[in-house]
Amino acid sequence: MVGDGRVTTTSLVVATGGKSIPKMGATGFAYDVARQFGLKLTDTRPALVPLTFEPGALEKLTPLAGVSTNAVVSRGKTRFEEALLFTHRGLSGPAILQISSYWREGDPITVDLLPGEDALDFFRAARQSAPKQHLQTALAERLPKRLAQLVGDNINQPGMIGDFSDKKLTAAADAVNRWTLKPVGSEGYRTAEVTLGGIDTADLDAKTLMARTVPGLFFVGEAVDVTGWLGGYNFQWAWASGYAAGQVA
Ligand SMILES: Cc1cc2nc3c(=O)[nH]c(=O)nc-3n(C[C@H](O)[C@H](O)[C@H](O)COP(=O)(O)OP(=O)(O)OC[C@H]3O[C@@H](n4cnc5c(N)ncnc54)[C@H](O)[C@@H]3O)c2cc1C
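Residue numbers for the sequence shown follow our numbering, beginning at 58 and rising by one.
Set out below in structure tokens:
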């Protein structure tokens, strides 16, 4: 509290973060201050956030809640190889959080459930070595059993792998190496680890983070339009920008 609410100062560093996780105190206050002083803002959206699916797709994913596997998740040319986690609400885990910062409404994402391995080669070898097994059984050598079952259900080609033509095996391999999913949204600011967008860096001095048109007014950390991958980059930015502003403010 600051008495009657008025404080006079020659410099002010605004470090009130972005919009992520209102329950933890996020307010978007920095954006209001920036707007008040005529600074530009870029569009904000939740990032590093789990992705959600329409009820039909979700119905298939939820029985796997708690299952995790290593995967490559991509959107266009952007790809991340990290853990993928199935949840009651959709998909999460580092691979999804990372891609969520690049995903936009309407985009499909592609999931490679066997990173670095050609599923077609794997299925062909399985067809040769144990032709009487089901495809899911073969796949369970590489994937968690429930996930192998889901892939089998998606392919929907019953019978023994020994009876599969090359064409059928290729379709099955695609479902493993190039599983395409269409998220409908994200869990939003409620669980987003960061906020994409914010105060336009063009309006801030690159060395001191002072507003170019308002001497003495600084913006640092997540309030600014700087967003990092998972791995500590957002903390690093918050601390480094705070330090830079603190040297001159
Ligand atoms: C669950 C979670 C996990 C994360 N994990 C990582 C990680 O592993 N690595 C990483 O690099 N980053 C991580 N982040 C992101 C990282 O925490 C933020 O990028 C970083 O803390 C931003 O620092 P900041 O100082 O700009 O803002 P914040 O840390 O958000 O601090 C802003 C403070 O201002 C307060 N505030 C807001 N509005 C007002 C107001 N009107 N009046 C008074 N106070 C106000 C807020 O309550 C808050 O205490 C994570 C974030 C979350 C939510």
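The beta carbon of each residue, even a glycine, is placed where N, CA and C say it ideally should be.
At a cut-off of 7 Å, the beta-carbon of glutamate 244 does not count as near ligand 1: no heavy atom of the ligand is closer than that.
By alpha-carbon distance to arginine 136, the top candidate from Trp286, Phe292, Val305 is Trp286. Annotation for glutamate 279 indicates a beta carbon within 7 Å of some heavy atom of ligand 1. Distance from the C-beta of valine 208 to the nearest heavy atom of ligand 1 is not below 7 Å. If only complete runs of 3 or more residues are kept, the segment 140-221 shows the beta strand (DSSP E) at 147-149, 166-169, in order along the chain.
Distance from the CA of alanine 182 to the CA of tyrosine 88, rounded to the nearest whole angstrom, comes to 58 Å. Here threonine 167 really is in contact with arginine 235; their C-beta atoms are around 6 Å apart, less than 8 Å.
In this structure, serine 68 lies away from alanine 297, with their beta-carbon atoms at least 8 Å apart. Glutamate 250 has its Cβ nearer than 7 Å to a heavy atom of ligand 1.
Excluding the 5 residues flanking it on each side, leucine 171 has same chain C-beta neighbours closer than 8 Å at Phe179, Arg199, Leu200, Val233, Asn234, in chain order. Rounded to whole angstroms, lysine 202 and glycine 299 show a C-alpha spacing of 48 Å. Taking 8 Å as the cut-off, the beta carbon of serine 77 is found closer than this to the beta carbon of glutamate 250. Under the three-state reduction of DSSP output, phenylalanine 292 falls in the helix class. The shortest C-alpha to C-alpha distance from leucine 115 to any of Leu142, Arg146, Thr258 is the one to Arg146.
Inter-segment contact for the segment 204-217 and the segment 83-102 is absent: fewer than three beta-carbon pairs are separated by less than 8 Å. Going by C-alpha positions, arginine 269 is about 19 Å away from threonine 73.
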